Amino acid sequence: ELKVEQNPLFLSMQEGKNYTIYCNYSTTSDRLYWYRQDPGKSLESLFVLLSNGAVKQEGRLMASLDTKARLSTLHITAAVHDLSATYFCAVDTSGATNKLIFGTGTLLAVQP
Amino acid sequence: DTGVSQNPRHKITKRGQNVTFRCDPISEHNRLYWYRQTLGQGPEFLTYFQNEAQLEKSRLLSDRFSAERPKGSFSTLEIQRTEQGDSAMYLCASSLGNRDEQYFGPGTRLTVT
């Protein structure tokens, strides 16, 4: 059974600092998603990573995928308060269903 | 083109009552998924439809839960005899086809008192 682990679970950081969130998964997959969720809201798609070595950047966020290591990272550069949210990675299980298996989430709090 | 819509957005019910949620996917999306998210956790897969056919159900979907997608358009998720443990956000997502990105709706937050 596919398992997805994120760390850290909680991250408190100061504005202007850099940090990385890690997403490890247990079985082969070549498709991974990153989402942002604000309190009480639904999921906002951030990145779709479709192949080994994929790297995507949007503003202060950059995501990468290493399918051989079964690892994805979400790097935050020069954090600002508006980035405070919970971030989830989700792995596509492939097969017929393509259901997503989500990580536990990382609650990011950016302090001014 | 509008996104995925869900109704109601919030539902408060007493334990033992039945509730029904509706999801309208993006038009022409063949696949429709239901997920459940409890507080502090990531969403968990409940069930999936390819057009009108329900092709997979999670073990999380007890006998009190039933989902339908008549005519392959909107879907409903019914929970019978609700329990406090059913309190969660119920998310619906749709995708065009196999291996296409899933687009999530705003969710229905259920509170069972």
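Protein sequences, first through last, are from chains A and B.
Mapping to our numbering: the first sequence position 66 is 66, numbers consecutive.
One rule links them: number in our numbering = place in the second sequence (from 1) + 112.
Glycine included, C-beta positions come from ideal geometry on N, C-alpha and C.
Computed from a prediction, not measured in an experiment: that's the story for all the values here.
query = Does the count of Cβ pairs from the stretch 214–224 of chain B and the stretch 130–140 of chain B closer than 8 Å reach three?
reply = yes
request  = Name the two residues that bound the continuous beta strand (DSSP E) containing V80 (chain A).
outcome  = First-last for V80 (chain A): undefined, no H or E at that position.
query = According to the neighbour-count rule (16 or more other Cβ atoms, all chains shown, within 10 Å of its Cβ), is G40 (chain A) buried or exposed?
reply = exposed
query = Which residues in chain A sit within 7 Å of Y160 (chain B), going by Cβ to Cβ distance?
reply = T97, K99
ask   = Which same chain residues, not among the five before or five after G128 (chain B), have their C-beta less than 6 Å away from its C-beta?
value = R193
query = Which residues, in order along the stretch 128–140 of chain B, keep a beta-carbon less than 9 Å from a beta-carbon of chain A?
reply = none
task = Determine whether the Cβ of F102 (chain A) lies closer than 8 Å to any Cβ atom of chain B.
result = yes
ask   = Taking a cut of 9 Å between CB atoms, which residues from the stretch 22–48 of chain A lie near chain B?
value = R31, Y33, Y35, Q37, G40, K41, S42, L43, E44, S45, V48
task = Please check if any C-beta of chain A sits within less than 8 Å of the C-beta of P182 (chain B).
result = no
request  = Output yes if chain A places a C-beta closer than 8 Å to the C-beta of Q166 (chain B); else output no.
outcome  = no
Distance, L173 (chain B) Cα to F157 (chain B) Cα = 9 Å
ask   = How would you write the range of the beta strand (DSSP E) that K126 (chain B) sits in, first residue to last?
value = No beta strand (DSSP E) holds K126 (chain B); DSSP gives it neither H nor E.
query = Listing by chain order, which chain B residues have their CB less than 7 Å from the CB of F88 (chain A)?
reply = G154
Partner residues on chain B for G105 (chain A), Cβ-Cβ distance less than 9 Å = G152, Q153, G154
ask   = What are the residues of the stretch 193–218 of chain B that lie near chain A, defined by any Cβ-Cβ distance shorter than 7 Å?
value = L203, N210, R211, E213, Q214, F216, G217, P218
ask   = Closest Cβ-Cβ distance between F186 (chain B) and chain A: below 8 Å?
value = no
query = Tell me which same chain residues have a C-beta within less than 7 Å of the C-beta of T150 (chain B), skipping the five on either side of it?
reply = A200
task = Measuring alpha carbon to alpha carbon, tell me which of B:K183, B:W146, B:P182, B:S178 ends up nearest E190 (chain B).
result = B:S178
request  = At 4 residues or longer, and completely inside the stretch 120–198 of chain B: list those alpha helix (DSSP H) runs for me, N to C.
outcome  = none
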